[in-house]
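Here the structure is laid out as structure tokens; the discussion comes afterwards.
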Amino acid sequence: MKKAVSLFIPGPVDVAPEVAAAMTRPMIGHRSPAFADLYREVTAGIAALMSTRNPVFLSTSSATGLWEAAARNLAPRKALCCVNGAFSERWFTTIQKCGFSADKLEVEWGRGIAPDRIRERLVTGAYDVLTLVHNETSTGVAEPLEAIGRMMVEEFPDVYFAVDAVSSMVGLPIRIDDWGIDILLASVQKAWALPPGFSICIVSDRVIRRSETVRNKGYYFDFVAWAASAQKGQTIITPSIPHMYGLQTQIERIQKEGIENRYERYRRLAERTRSWGRSRGLTLFSEEGYHSDTVTCFRNTRNWDLADLGDRLYAEGYQFSNGYGKLKGSAFRIPHMGEITDRSLAAYLDCIDSLTGS
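In my numbering, the protein residues as written are 901 to 1258.
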């Protein structure tokens, strides 16, 4: 039997044995009372972790699908999209491909977007939707979500605030209601540490009201239909019930660890990773003050052959994360989310050291 490879990539990540086992539980009908109980338990648990009273929806799709869902349900007059990496760029493109008008607030990859930059654009009154990728997985940049959210609440309450939390949900602190987030979306294969193929969308009541006025938004991602089904503890279509079992177990595990302890674990692992890189002559790709606590991106200042390093790490039982997109070869990423611990991170960094002579 082939030895399992530890996934040191920023998604999908390794799945805990308890979670994997939960996903093999006997199947139940998606219109049964047992399913409604499971749905309500899982969505209530997510709501508590995200500090919200807003409806929580479960989608058998990737978070990329939820980008489209956000666009089709909001039908923006014009969206302002914060762009500073591959995934924020792709969300902008998704909105345009759905037929809606959007402008970029774009900065160089690796740089963060300060609230003042957003304010300068929103005060024009030209935009009714703001999109933000909280944690840009391609560059290791985490945006100041709290500061931006509080600005939106205080200064731009009429602008809908949509946030991609794909690599930050249950990885970085998020308080949806306090920070005025209208749509928060994420997939489950990163900090949640479940297999890919499932996603979570948390939507404010005013987004539901907006969606009620939108025509031709399709069937699969209709928030109004989702809300009606959720009232009955159901989804509009047959969902991935194994993923719901996995979420149920993972929520219990997070509650046992304590969400603040989980955040602290990621902060500690992130600082250890950054310190390791600096001591070996590597520089951070992310701007100072905007470093992510779930994934670190280093510039390849040592000029390592990253493709070869990845091959050799794989032979040692690790999958390595080269730079994403245009950063391939010139940067690489180290995740510290999901089930990664002090011990597993130390072993991985030691392996890199042994292979590079660091």
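For glycine and all other residues, C-beta sits at the position ideal for the given N, C-alpha and C. Owing to the predicted nature of the structure, the values given are computational and were not obtained by experimental measurement.
Go to residue i, then tell me how far its alpha helix (DSSP H) extends in each direction, as first and last residue.
| i | result |
| --- | --- |
| Glu1152 | Ile1141 to Glu1157 |
| Glu1020 | Pro1015 to Leu1022 |
| Glu1006 | Per DSSP, Glu1006 belongs to no alpha helix (DSSP H); it is in the beta strand (DSSP E), Ala1002 to Glu1006. |
| Ala920 | Pro917 to Ala922 |
| Leu949 | Pro933 to Leu949 |
| Thr994 | Ala986 to Lys997 |
| Leu1085 | Not the alpha helix (DSSP H): Leu1085 falls in the beta strand (DSSP E), residues Ile1083 to Ser1087. |
| Ile1108 | Asp1105 to Glu1112 |
| Thr964 | Ala963 to Leu974 |
| Leu1072 | Element bounds for Leu1072: n/a, residue is neither H nor E. |
| Leu1209 | Leu1206 to Ala1215 |
| Val1053 | Leu1045 to Glu1055 |
Is it buried or exposed for residue i, if we count other Cβ within 10 angstroms and need 16 for buried?
| i | result |
| --- | --- |
| Asp1205 | exposed |
| Ser1254 | exposed |
| Ile1074 | buried |
| Ala1065 | buried |
| Ile1137 | exposed |
| Val915 | buried |
| Arg1233 | buried |
| Lys1117 | buried |
| Asn954 | buried |
| Asn1161 | exposed |
| Pro933 | exposed |
| Arg1110 | buried |
| Ser1104 | buried |
| Arg1178 | exposed |
| Ser1175 | exposed |
| Ala1170 | buried |
Spatial neighbours of residue i within its chain, please: CB distance less than 6 Å, with the 5 preceding and 5 following residues excluded, ordered by chain position.
| i | result |
| --- | --- |
| Arg977 | Asp1028 |
| Ser1258 | Arg1180 |
| Pro1096 | Pro912 and Gln1089 |
| Phe957 | Cys1101 and Trp1126 |
| Thr1183 | Arg1199 and Thr1201 |
| Ala1047 | Pro1015 |
| Ile995 | Ala971, Ala979 and Ala1002 |
Near residue i, what residues of its chain come up, given a Cβ to Cβ distance below 7 Å and the 5 sequence neighbours on each side ignored?
| i | result |
| --- | --- |
| Pro926 | none |
Since I believe residue j is in contact with residue i (beta carbons under 8 Å), could you give me their beta-carbon distance rounded to a whole number of angstroms?
| i | j | result |
| --- | --- | --- |
| Thr887 | Leu1209 | Outside the displayed range of the chain (901 to 1258) lies residue 887, so it cannot be described from this structure. |
| Ala1267 | Ser1099 | Since the first and last residues shown for the chain are 901 and 1258, residue 1267 lies out of range. |
| Leu938 | Met1069 | The Cβ separation is near 20 Å, so there is no contact. |
| Val942 | Gln1148 | 5 Å |
| Thr1039 | Asn984 | 7 Å |
| Thr952 | Asp1058 | With 8 Å as the limit, Thr952 and Asp1058 do not qualify as a contact, their Cβ atoms being about 20 Å apart. |
| Pro1139 | His930 | 6 Å |
| Ala922 | Phe1121 | Actually they are not in contact, since the Cβ atoms of Ala922 and Phe1121 sit about 27 Å apart, beyond 8 Å. |
| Asp1287 | Phe1061 | Absent from the model: residue 1287. The displayed extent of the chain is 901 to 1258, so no value can be given. |
| Gly1217 | Ser959 | With a Cβ gap of about 33 Å, Gly1217 and Ser959 do not count as contacting. |
From what residue to what residue does the beta strand (DSSP E) around residue i run?
| i | result |
| --- | --- |
| Pro1235 | Ala1231 to Pro1235 |
| Ala1062 | Tyr1060 to Asp1064 |
| Thr1256 | Taken as a continuous stretch (DSSP letters only), Thr1256 belongs to no beta strand (DSSP E), being part of the alpha helix (DSSP H) at Asp1242 to Thr1256. |
| Leu1182 | Premise fails: Leu1182 is in no beta strand (DSSP E) and is neither H nor E. |
| Arg1199 | Val1195 to Arg1199 |
| Ser1129 | No beta strand (DSSP E) contains Ser1129, which is instead part of the alpha helix (DSSP H) from Phe1123 to Gln1131. |
| Leu980 | Ala979 to Val983 |
| Val1291 | This structure leaves residue 1291 out entirely; the chain is present only between 901 and 1258. |
Once the 5 residues before and after residue i are set aside, which same chain residues still bring their CB inside 8 Å of it?
| i | result |
| --- | --- |
| Ala963 | Asp1064, Val1066, Leu1085, Ala1086, Ser1087 and Ser1099 |
| Asp1250 | none |
| Ala936 | Lys1132, Gly1133 and Gln1134 |
| Ile1159 | Leu949 and Val1070 |
| Phe987 | Val1033, Glu1036, Thr1037, Ser1038, Asp1064 and Val1066 |
| Trp967 | Arg990, Trp991, Thr994, Ile995, Asp1064 and Leu1085 |
| Ala1215 | none |
| Val1114 | Arg972, Asn973, Leu974 and Ala975 |
| Lys1228 | Leu1206 and Asn1222 |
Practice task
Take every Cβ of the segment 1179–1198, pair it with every Cβ of the segment 1227–1237, and state whether three or more of those distances are shorter than 8 Å.
Solution key: yes
Problem - contact_flag[the segment 1146–1163, the segment 904–921] where n(CB pairs < 8 Å) is 3 or more - result: yes
Problem - Segment contact, 8 Å Cβ cut-off, at least three pairs: the segment 1020–1038 with the segment 992–1007 - result: yes
Practice task
Please determine if the segment 1019–1028 and the segment 985–996 are in contact, where contact requires at least 3 C-beta pairs separated by less than 8 Å.
Solution key: no
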